[in-house]
Every structure is written in structure tokens, then in C-alpha cells.
Amino acid sequence: MIDDYTRENLALVADTSLSGLRVARELDRIVAERGMPVTIVSDNGTEFTSMAILQWVQGNGIDWHYIAPGKPQQNGFIESFNGKLRDECLNETLFTSLDEAKENLKEWKDDYNQHRPHSSLGNLTPQEFSEKKTLDKMAA
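So the sequence shown is numbered by numbering that gives the first Met the number 0: it starts at 0 and just counts up by one.
Printed below as a string of C-alpha cells:
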């Protein structure tokens, strides 16, 4: 899950499968840490169209926007992120255990958030941009 404004990777989950209930738990964690988002955009994967997610959306009053089926360009940033994740991490490693995959993903996520400047963020990393915006809000 990516914050569209700060470009921070908020959740990168390794598991044997990813259910809607698991996604809802991650969303609860993110909301507890960062507050309620205004809108969530996703594809139409079963983990995002499940009853657990529909109930979570209704219970939290979130505007959830599904991109059109077969139109990944409507969610271009996440598609680009997923491509980088595959090319730099998932396709490069033969994981021998779920724990190894989780650790590898954590390291990749930390590197992505803390050490990769984005031109769209004024050449700041997602973490630097987020911290700057938080300080700007506090000063206002």
C-alpha cells in the first residue's frame, strides 16, 4: 500500500495468501498510525473486493475507488512500484522460508522509504517528504 501524496510504502505483506480480512487488518493498523485516508484506489483483485473490505469501507466511511478492469494505467504509480519490487527484490531472490521473505521485504521497504529520492517529491525520499510535511503542518 502506497500513500499517493508522500509516496511512502505503508504496508508490504508477505504471506502464503492475502485475504480481504488481512488487508482490512493492515488498513486498521495504518489508520491507527496515520489517520483515516480520504480515498483509497485499488484494482479489482479479490482481496480488495471481498466482503471483509466492503464491510471495512462501509464501517469507516471511506471513498474506495476501483480502477477499470484491464486498465492498470489508471493506477500507474502502484504499477510502477510493483514493477520495481518485482525486479529488485522478488525476482532476484529464491526465498527458502516465509520468514526470509518477510525480512527481505522489510529491508526493501525501508530502503525504498528512507534512501530513494523521488523527483516528484523535490528529490526527497518518501520519509523525508512526509516528515517535512508534518513539520510544515505543525508550524502552520
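Ideal Cβ positions, reconstructed from N, Cα and C, are used throughout, including at glycine.
Item: Taking three-plus beta-carbon pairs below 8 Å as touching, is the region 11-23 in contact with the region 94-101?; Value: yes
Item: Taking buried to mean at least 16 other C-beta atoms within 10 Å of its own C-beta, is E32 buried or exposed?; Value: exposed
Item: So if DSSP puts L62 in a beta bridge, which residue, or which two residues, is it bridged to?; Value: In the sequence on display, residue 62 carries Asp and not Leu. Its beta-bridge partners are T38.
Item: If you draw a straight line from the alpha carbon of S96 to that of Q126, how long is it in whole angstroms?; Value: 29 Å
Item: Mind checking which residues open and close the alpha helix (DSSP H) that includes L17?; Value: Run containing L17: none; DSSP gives neither H nor E here.
Item: Would you please state the rounded distance, in angstroms, between the beta carbons of T141 and F94? I believe it to be under 8 Å.; Value: This structure does not reach residue 141, given that the chain is present from 0 up to 139, and the question cannot be answered.
Item: Give every residue of the same chain whose Cβ lies closer than 7 Å to the Cβ of Q113, excluding the five residues on either side of it in the sequence, and list them in chain order.; Value: T124, Q126
Item: Specify, as a first and last residue, the run of the alpha helix (DSSP H) that L79 falls within.; Value: Leu is not the amino acid found at residue 79; the sequence shown has Ser there. Note, S79: alpha helix (DSSP H), 75-87.
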